[in-house]
Each structure stands twice: as C-alpha cells, then as structure tokens.
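Residue numbers (UniProt numbering), protein chains in the order written: chain A, 1 to 408; chain B, 1 to 408. Here a beta-carbon is modelled for each residue, glycine too, at the ideal position from N, C-alpha and C. Notes to accompany the following structure.
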C-alpha cells in the first residue's frame, strides 16, 4: 500500500519593516505591509513531516515530540483545511485518477532546531514548514505566494517564510485576504553577504504576547494610524530599492528606524508595551556608536539592529564586519566559554569567550557599561538564506507506524 | 543709600502634557502646548535674590554658591535684558521719578533646595525664581503671564512655574513669541488633594539632554508631527476639563498616555532616545496593575505615572492613596532606613524602610520583581502648590556687600 508522506523544512525570517496590527484578526490581514530577511535554514529551521492515511482516525499534530491539540476553528485547523481544499480543487477535481488525499486524515510532526528559550518566534518557520510539507504531500501546482496566503492564516509573519532572500508581505486590500500575500523582493543570491547576528537577551519579565499586544495598539495608539498610512508605504518602497541597489547604508537606516517606530507605537499603547530592556538599549547604544564612527570615516552605516516582540537584538551587517561586531558585543556582554557556535569559522577554533575584543578606532567606549556574564545569553551567527526545502526520506519525523519517531 | 534688593522663591512643575520640540530655538517657542502641575515650594523650590546697584561692575550670577558665567546672547543674559527692558518701559518711562534701576548692573544669587543628584530639572524653578525676584526688585506692574514670556526664554518649561495649581503653556502662533505664555487652568485651591510621589531612580547611563534631544526628534521623528497636530490639541482640552471637573480617572488616563507618547516619539528619533530604564518600566507595571485592580472595583484609576527626560517617576494620586502607594513602591524597591522624609506624617514617625507593605487586595504581585536596595534611591512626597512667593529680608541670599552669603 502506498505511503503518502512528505517532509519539508522552512526558515525563520526577521522583519526590517515590522508587522504590528491586524485589520482582520480571523483572516490575519495586517494593517500595513512588511518586509523581512529570510535566515539560513542551515542554522535555524522548522522541519515538518506530513502523512495522509485513510486509516488515521483524525488529524493530529506533534510539536517537538509533544502532541498539540488541533482546535476546531483554530489557526492550525484552518491551515490544514485550506491545504486540503487546494488539494481537492487544484488536483483531485482536475485529475480524477489522483488519490483523494484531501479526504484522508493527516498526521503531522514538526520540530524546531532552536530552543524555545532562545526567544525566537517559531510560529513563522513552523507554519511555513507545515504548509510546505502539505503542499509537497498533495503535489500542489501552486506558487509560494499562494501557499503564503494559507501560512498567513496560521501566523501572519509565516507567509514571509515561504521565500528565501528578501521578502515583502503585501498587505492587500481585498476583504477575503486573497491578495494579502508574500512576494520575493530579491533572492538570497542577489545579496548573499548579508549576515545576521542574533543576541539572545535574558529577560526576567514575561512579555505581552504579540497577538494581544498588537490589537491593543490598534485600539489605543493614536500614533499607529499615522505610521500605517503615512510612514510604512514609503519605507516599503525605499527599503526595496536599497535591497535591489545593495545599498547597506540605506537598508540599515530604514531597518533601525522601523524597529524604533514599532517599539514607539507599542509604548504609545494603553497600557504601554515594552519589549526592549536595559540590555537591548545598551546594544542599540553600541551599534549607534559603531555606525557613528563608520559614518564619520565616510563608510556609511555598517550595522543595523532590529528588535521583535522581545528583548533579543538581531544585527544585520555585511559578512566582512561580523567578526568585529561579535568582538564588540563580547567586550560589553561577556560570554560563557564554548557558548558561541562559530559556524562560519570567524575565530578559527578560538573561543570567542576568550576574545580580547578588537578596539574599533575612534569608538567611544563609554556609551555602554560592561554587563555581567549572562546578560546576553548567547550569540547566533547566520545569514540570508533560501526558502522552504523539500527533504528526503532520511529526514522524516514520522515512523513507519505514522507516529513521531523518538528523537535520539 | 537705598538698597534695591528682592528675594523670591519659585516652584518645580511636572508636566502632564509634555513639551517636546521647539519651532523656534532662540525664542524657545514650542511645537505644541503643554500642561503641568505646580509642586509645593514647601518641599522643592528655587530661591533667588537679585540686587541692582550702580556700583556693581557688571551683571553676575551665583548658583548654589558657585559663580556661573552670564554668556552674551545666552539665555540668562536674554532674561535679564528683557526684565530690564520691562523695568524701563513699564516703570521708568512712565514715572520719571523712579530710580533708573534698569541701568544698574545686578547681582543674582540662586539656590535650589533639592540636590542635582535627585535628577529633577532645576531650570524651570530656577528661571521662574530669577524672573520673579527681578519683577519684585523692579516693581513691575505686569501679570505672571507676561513674566512667563520672559521665563520661557530662559527655559521653556520655566514659564509654567510662574503660576501655582494647574498651568497650561499655550504654544501661541506669533513669530515674536508674545502669545506663547503660561495661563492658570485652576489654582491649587481648586483641587488641593492632588499629591505627588517622586521616585528618584538610579541610572548608570548619561542621558541625552532635553535641549538637543527634542530638536533631534523634531528633525527625524515621523510620528512627532502627528502628535503635534492631531493628538495634543484635544488632550489639552480634555485634561483641562478633567481638572476643572476634578475627574481623577480622566486626568490619570491622559497624563499616562501623554507620558507614554512623549517617550514614544523620543524612541522614534534617530538615533533613538531612551529616558526610562528597567526600573522605570517596573514602576509603570506596578501602577498599571494598581489601577487595573481599582478599575475592576469600579473606583477608576487611582494613580498616574509620568516621566520627564530621565528615569525618575512622578506619581500623581489623591491624598488618600499616597500611603498605600508608598508601601507598594517600598515593597518592590526597598529603601534605606531614614531615607523617606514623611512630611505629611503618613507613617507617624515609623520608618518607611521597615514598612511591611500593605497588600492591595487582588493585586497580582508577579507584575514586577523585587529590586535591590538603591534601584529607587529615594522617595519625595509633595503636593500641588502655589506660585512664586515674595520672601522677606531674612531669606536673602546676598550679604550686605552684595555678594552671596556663605551658606551655613
């Protein structure tokens, strides 16, 4: 008997123009367009195996080995139902000989290769991997943009993880959301030396969830409407141009301004929402000073910070500057030995925790104090990456019995 | 020989609707109107003695016993020149027998009774006291609003310290600034049970000066223009009504929203400006939770936080709630013994540092962690107060020789 099963992985993406606010909470239609960089799946990814089998009792899902309930009418159920609908309409209705997979229950196993404690949102890569694995299972002849419409209904920013490179989520105008989808602004190959350094920041405060936080902003922030109508549209145009021109200085200026403005409207909310803490602020001070020195030398901005709904910094920079920035961060935020995975061999086997830290000429060291070990819990170095990948049988997360394999 | 000398004191004011941005930096004309509560001079004040004497060589100023240079064309020189001009036009030109004090050099001694380390801006009370003492010295037949026009040119927010109670600074529209002045919305006696608790927050970061910071915001924040044009005008109307109605719930809601929005536009600046730190954020979390409980009980908001260009919190509340709020703050921010000056006898001689802290019924204690001693360096309890006071000879800061007395 045939086994209908497919495995896919999908990347994390970190926005440069931030998504904050829904105009339709059920369909997850945003109040403004957004734009992100897709990060490399070699380092951070969600992997999902989906199997359709008429013998299964009902749809089931396991996340990192633990079963999660698929709630009726919930986001997960919506995504699965939409994928089954596409299977029926695009495949089975047109080719009557194809198996009626849309009528079979599915078992889905998903795994994130980064710990929850890292504070990286896994919903974007997770829903993108889910949709990608089902698209592969169902042999859907549809574009990533079409799939992005479905992933969007799982988690808004998931739609941007359907592409590699530099990705825009166009807000769209239709009430049914069919034009609220992701498009690729430029592939990874267009500007492959965009690297990212994720600074995982310790936080002793439980943050406001982005889902509830963004709606409070929509309801109470007087500034959000101005941002939506008068700021973001031009920034989308400007940052797309910066990417196409490989103009890092402009890319950095817009990215930082938009991170600041997202946190500004969060603060303009009642009651105010804070995601950044004193460590986040200190990292900003370092990057501002690093850029000040670089601009003074006529080199333009060399780094761009951006913060999502949490205290972690993501620093975008060109490959050639990463080592210098890692050393700068480590100088102010001492790391535990062996904590940095030097995947690009920047330190050639030397422990970054023992790095003396290069002195950037002209850098005013007083812009931040030196923090205690653990203030920045870890550093992850990655780069712009590709879109979802179809994986082979050796990567499957479901055993022959259709249940999750025990992870070694 | 006659001695021409006068001494005045003037209060600190803390804005509920924030002043942030100038449309004319020389005349100090603001981009929006603002509104403040004048605090009681019994607790916080600047005192200034001015003497005019033809034997003096030139205008001189001593601040807290140290001589400060009066720079040509600087703000201090402008204020003194404007006061001399008023003396000439309003007194000497009209009454030729009056002595020509406007032609005499002045010696000015000023003293703030609160330490610079408290992080309270002394420029507002300082310029208000300067202008008040000169107005008294010169026997000027002019209103506090007229004097406020001159104090404004020393330090913008100083104009609001020319009145007691609840004071609006109307931005005005004239290019010469003659209609950019302070008016009293309501006197202290209208709502005397508005109290203020200042939480002096420790900071290890040198902040951005408000003078340079606000102009960076004017130049770079896309959100500021919306605030100026579309948010502040209505808030000025609404908070004035709340004050006239003694509607604390509305007063608190607007005050907190405007503090948040001021910090939001600071954050929307390039590079971003942060004045609040993790301790400031924790105090906000406590007040938000305190109000949540109170609103749930049908009592409305009982407290309002507001933050100026620094990490200190000022909490406005009605007299009846101060003790509860002090205990709440002390619970999360332990105080050193003997550090709290219990000027209103809330604790009847007991040391607030030893207070167990009352438990507010229904309060979720997990909204903030308990900080170490020193995170909040001190608490100052005061209340709405009166405007500048003319003081008697026993308060003079200048000796018979016309030079500052040595302060005992």
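Identified DSSP bridge partners for residue i
i                      : result
residue 5 of chain A   : A:51
residue 13 of chain B  : B:38
residue 112 of chain A : A:46
residue 224 of chain A : Partner(s): none; residue 224 of chain A has no beta bridge.
residue 167 of chain A : A:36 and A:184
residue 348 of chain B : Answer is none; residue 348 of chain B lacks a bridge partner.
residue 201 of chain A : A:376
Rounded separation between residue i and residue j - CA only
i                      : j                      : result
residue 295 of chain B : residue 183 of chain B : 32 Å
residue 141 of chain B : residue 90 of chain B  : 7 Å
residue 96 of chain B  : residue 383 of chain B : 44 Å
residue 326 of chain A : residue 314 of chain B : 39 Å
residue 278 of chain B : residue 240 of chain A : 35 Å
residue 402 of chain A : residue 7 of chain A   : 13 Å
residue 103 of chain B : residue 167 of chain B : 33 Å
residue 2 of chain B   : residue 50 of chain B  : 14 Å
residue 18 of chain B  : residue 31 of chain B  : 11 Å
residue 199 of chain B : residue 282 of chain B : 12 Å
residue 386 of chain A : residue 40 of chain A  : 6 Å
residue 233 of chain A : residue 255 of chain A : 14 Å
residue 245 of chain B : residue 377 of chain A : 51 Å
residue 94 of chain B  : residue 174 of chain B : 27 Å
residue 221 of chain A : residue 137 of chain A : 43 Å
residue 127 of chain A : residue 154 of chain A : 6 Å
residue 28 of chain A  : residue 88 of chain A  : 24 Å
residue 73 of chain A  : residue 82 of chain A  : 12 Å
residue 360 of chain A : residue 323 of chain A : 12 Å
residue 143 of chain B : residue 23 of chain B  : 25 Å
residue 68 of chain B  : residue 202 of chain B : 27 Å
residue 280 of chain A : residue 307 of chain A : 8 Å
Cβ of residue i within 9 Å of any chain A Cβ
i                      : result
residue 230 of chain B : yes
residue 288 of chain B : yes
residue 330 of chain B : no
residue 274 of chain B : yes
residue 360 of chain B : no
residue 87 of chain B  : no
residue 256 of chain B : yes
residue 460 of chain B : Residue 460 of chain B cannot be examined here, being either before or after the span of chain B that is shown, 1 to 408.
residue 227 of chain B : yes
residue 369 of chain B : yes
residue 270 of chain B : yes
residue 261 of chain B : yes
residue 265 of chain B : yes
Run of the alpha helix (DSSP H) containing residue i, from where it starts to where it stops
i                      : result
residue 264 of chain A : 248–267
residue 322 of chain B : 322–332
residue 67 of chain A  : No alpha helix (DSSP H) holds residue 67 of chain A; the beta strand (DSSP E) holding it covers 66–68.
residue 241 of chain A : 232–244
residue 389 of chain B : No alpha helix (DSSP H) contains residue 389 of chain B, which is instead part of the beta strand (DSSP E) from 389–391.
residue 154 of chain B : 144–154
Residue i, enclosing beta strand (DSSP E) - first and last residue
i                      : result
residue 318 of chain B : 313–318
residue 306 of chain A : 303–307
residue 382 of chain A : 376–383
Chain B contact for residue i (CB, 9 Å cutoff)
i                      : result
residue 168 of chain A : no
residue 18 of chain A  : no
residue 15 of chain A  : no
residue 281 of chain A : yes
residue 383 of chain A : no
residue 399 of chain A : no
residue 278 of chain A : yes
residue 135 of chain A : no
Integer Cβ distance of residue i from residue j, believed to fall under 8 Å
i                      : j                      : result
residue 109 of chain A : residue 404 of chain A : 4 Å
residue 76 of chain B  : residue 86 of chain B  : Residue 76 of chain B to residue 86 of chain B, Cβ: 16 Å. No contact.
residue 45 of chain A  : residue 132 of chain A : Not a contact, Cβ separation roughly 11 Å.
residue 260 of chain B : residue 157 of chain B : 19 Å between Cβ atoms; not a contact.
residue 180 of chain B : residue 152 of chain B : 6 Å
residue 248 of chain B : residue 300 of chain B : 7 Å
residue 122 of chain B : residue 389 of chain B : Not really, about 17 Å apart at Cβ, beyond 8 Å.
residue 264 of chain A : residue 223 of chain A : 7 Å
residue 47 of chain B  : residue 391 of chain B : 7 Å
Check: residue i C-beta below 8 Å from any heavy atom of the ligand NAD
i                      : result
residue 397 of chain B : The ligand NAD is absent from the structure shown, which contains no ligands of any kind.
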